[in-house]
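These notes concern the structure reproduced below.
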Amino acid sequence: MTFLRAELPLDSNRLLNNVSEIILASSSKRRLDLLKLIGIKPDKIIKPEIDELIEISHLKCKSKDLAYKKAKFVQKHYKIENKYIIAADTMVCRSGLVYEKAKDAKEVLEYLKKLSGKKHYVYGSICIISPNNKVLKRLVITEVFFKRLCNNDFNNNELLVEGIGKAGGYAIQGKGSLLVKKIKGSFYNVVGLSIFELNNMLLGLGWKKN
């Protein structure tokens, strides 16, 4: 698939439900894959270009506001009308600190050392704007418990490379699963999108599959 500016046209020959009234306001492949699990094929994927440095001290509110900003950016700048717009945000937090997307393997290692043997939270927010301009926002919280990591983990190059670009520096759906002792809450929320909550939100807004 090839990006054209901020939009990513999708292959119309894929054997999924062609739900043309849905716009995914995210360039995340993980979120697209999760939508496929429940049979949703967005008409378009649009990357929201927003400033994620919102001055909000309450992290739960910040996550919800970021998801809302992403949805509104796409609606306004691409003049989207009469369609469902789905946006999401994922934050990995511990002790009031946010572990953003790791920039490189060095930062992944720093994150893993800080999260080793401890519990952290994944705040996953979803915002949907309906065709009649109704806005629905939800926050899903998952507790993640890391095992106590050892030098083999810290020296695992594949693990470190996989964590680049991931919130918290790990991918629970990949090799990062070896770090997780247990979770409380939605697994898919940690991956990037709670599909259970998303489906309920869409149905509540009157969405139906074609």
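Just so we're aligned: 42 in this note's numbering is position 39 of the sequence shown, and the numbers increase by one with no gaps anywhere.
Yeah, the Cβ is synthetic: ideal placement off N, Cα and C, and Gly gets one too.
Residue i, buried or exposed, once every other Cβ within 10 Å from all chains shown has been counted against 16
{"i": "Phe76", "result": "buried"}
{"i": "His80", "result": "exposed"}
{"i": "Asp54", "result": "exposed"}
{"i": "His61", "result": "exposed"}
{"i": "Asp107", "result": "exposed"}
{"i": "Leu206", "result": "exposed"}
{"i": "Asn192", "result": "buried"}
{"i": "Lys121", "result": "exposed"}
{"i": "Val22", "result": "Note that Val22 scores a pLDDT of 41, beneath 50, so its modelled location is shaky; the value from the coordinates is reported in the next line. Buried, by the Cβ-count rule."}
Own chain, CB closer than 6 angstroms to residue i, minus 5 neighbours either side, in chain order
{"i": "Leu118", "result": "Phe149"}
{"i": "Leu27", "result": "Pro45, Ile48 and Ile89"}
{"i": "Met94", "result": "Ser66, Val101 and Tyr126"}
{"i": "Phe199", "result": "none"}
Boundaries of the alpha helix (DSSP H) in which residue i is found, first to last residue
{"i": "Glu200", "result": "Ile198 to Gly207"}
{"i": "Arg151", "result": "Careful: Arg151 lies outside any alpha helix (DSSP H) and carries neither H nor E."}
{"i": "Ala74", "result": "Leu62 to His80"}
{"i": "Lys187", "result": "Here Lys187 belongs to no alpha helix (DSSP H); instead the beta strand (DSSP E) covers Val183 to Lys187."}
Reference residue i; option with closest CA among the options
{"i": "Ile88", "options": "Asn135, Lys109, Glu55 and Asp107", "result": "Asn135"}
{"i": "Ser197", "options": "Arg141, Glu24 and Gln78", "result": "Arg141"}
{"i": "Asn160", "options": "Ile129, Gly179 and Asn202", "result": "Gly179"}
{"i": "Asn203", "options": "Glu113, Glu24, Ile129 and Ser30", "result": "Ile129"}
{"i": "Glu216", "options": "Lys73, Lys169, Asn158 and Ala174", "result": "Here the chain has residues from 4 to 213 only, and residue 216 is not among them."}
Own chain residues within Cβ distance below 7 angstroms of residue i, not counting five before or after
{"i": "Trp210", "result": "Tyr87"}
{"i": "Val111", "result": "Ala105, Leu163, Gly166, Ile167 and Gly172"}
{"i": "Ser98", "result": "none"}
{"i": "Gln216", "result": "Since the displayed the chain opens at 4 and closes at 213, residue 216 lies outside it and no answer follows."}
Beta-carbon separation (whole angstroms), residue i vs residue j, contact threshold 8 angstroms
{"i": "Lys187", "j": "Thr145", "result": "7 angstroms"}
{"i": "Leu69", "j": "Gly195", "result": "Between Gly195 and Leu69 the Cβ distance is about 13 angstroms, and since that is not below 8 angstroms, they are no contact."}
{"i": "Leu152", "j": "Leu182", "result": "7 angstroms"}
Endpoints, the beta strand (DSSP E) within which residue i is located
{"i": "Glu165", "result": "Looking at the DSSP string, Glu165 is not in any beta strand (DSSP E); the run it does join, the alpha helix (DSSP H), is Asn160 to Glu165."}
{"i": "Asp92", "result": "Tyr87 to Arg97"}
Residue i CB to nearest heavy atom of the ligand MN below 6 angstroms
{"i": "Ala108", "result": "Among the ligands in the structure shown, none appear at all, so the ligand MN cannot be discussed."}
Same chain, Cβ closer than 8 angstroms to residue i, five either side skipped, listed in chain order
{"i": "Arg34", "result": "Leu27, Ala91, Gly195 and Leu196"}
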